[in-house]
Amino acid sequence: MLRFFFRNKADPAVRHLYEAAVTQARSPVFYTHYGVSDTLDGRFEMIVLHITPFINAIRGDSGIGVDGQALFDHFLSDMDQNLRTIGVSDIAVPKKMKKMGAAFYGRYEAYLAALGDRRALAAAAARNVLDTPDRLDSPEAFALADYFTALCAMAPDHLTATPHFPDPAAFAPIGRTGAGADTLQRETVQ
Numbered sequence: 001m002l003r004f005f006f007r008n009k010a011d012p013a014v015r016h017l018y019e020a021a022v023t024q025a026r027s028p029v030f031y032t033h034y035g036v037s038d039t040l041d042g043r044f045e046m047i048v049l050h051i052t053p054f055i056n057a058i059r060g061d062s063g064i065g066v067d068g069q070a071l072f073d074h075f076l077s078d079m080d081q082n083l084r085t086i087g088v089s090d091i092a093v094p095k096k097m098k099k100m101g102a103a104f105y106g107r108y109e110a111y112l113a114a115l116g117d118r119r120a121l122a123a124a125a126a127r128n129v130l131d132t133p134d135r136l137d138s139p140e141a142f143a144l145a146d147y148f149t150a151l152c153a154m155a156p157d158h159l160t161a162t163p164h165f166p167d168p169a170a171f172a173p174i175g176r177t178g179a180g181a182d183t184l185q186r187e188t189v190q
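1 is the number of the first residue of the sequence shown in the numbering used here; add one for each residue after it.
Pasting the structure below:
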């Protein structure tokens with residue numbers, strides 16, 4: 001029973017890496033230019049998209065000083081805490097956590113299995129992140145696929161210090177950044 005009062009704090013390196021991934025996942029460009037819905041589900045999907053390459057890179061003994069299981073455990077702990085913060089009942093939290101864990105593993109497998117096949121990765125991103133199977137060939141789905149590929153290509157030494165994430169604006173769909181973003185802003189304001 002005392003474990004509820006004396007929970008183990010996450011390793012600072014794990015916590016730092018996770019917080020950096022969450023901060024990147026909350027970048028406004030994903031919600032304004034990629035078509036990700038700014039909802040709890042959309043944010044969950046973006047966090048999964050960002051920590052999947054990290055867990056994959058560090059799940060073996062990569063020598064970078066961070067444990068992949070510890071990163072996954074910290075992710076689940078954060079999701080549990082967020083559910084409780086938004087008022088999900090104590091009875092419902094375990095059920096929702098089970099669904100989130102299953103969702104994570106499903107996406108983890110789908111993204112990594114599709115890595116190297118841009119069309120398959122775009123389809124996985126459309127199904128999960130964009131939550132619209134009719135957008136399988138959309139520019140947003142391909143942009144997410146390209147961004148995820150760049151995340152997976154990050155050097156392992158980027159995982160120990162402050163990660164140097166790829167710039168999501170560089171992968172944003174054509175016509176949605178730069179001058180296109182100004183047009184998009186004017187359309188939404190009017």
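Just so you know, even glycine gets a beta-carbon here, dropped at the ideal spot from N, CA and C.
Looking from the CA of residue 51, the closest CA among 108, 173, 128 and 118 belongs to 108. About 13 Å separates the CB atoms of residue 170 and residue 148; that is not less than 8 Å, and the two are not in contact.
When the five nearest sequence neighbours on each side are left out, the beta carbons in the same chain lying within less than 7 Å of the beta carbon of residue 54 are those of 17, 21, 71 and 159, in order along the chain.
Here DSSP, grouped into helix, strand and coil, assigns residue 36 to coil.
Between residue 141 and the set 101, 99 and 31, the nearest pair of CA atoms involves 31. Pairing residue 99 with residue 105, the inter-Cα distance amounts to about 10 Å. Remark: C-beta atoms of residue 76 and residue 96 do not approach each other more closely than 8 Å.
Looking at the backbone, the Cα of residue 47 and that of residue 127 are separated by about 16 Å. Distance from residue 129 to residue 144 at the Cβ level is roughly 6 Å; contact confirmed, criterion being Cβ atoms closer than 8 Å. Shortest Cα-Cα distance from residue 114 to any of 15, 49 and 41 involves 49. For residue 27 against residue 168, the beta-carbon gap comes to about 6 Å, under 8 Å, which counts as contact. Just so you know, the alpha carbons of residue 87 and residue 44 end up roughly 17 Å apart. Following the DSSP letters along the chain, one finds residue 127 inside the alpha helix (DSSP H) bounded by residues 118–128. When the beta-carbon positions are compared, residue 123 and residue 136 come within less than 8 Å of each other.
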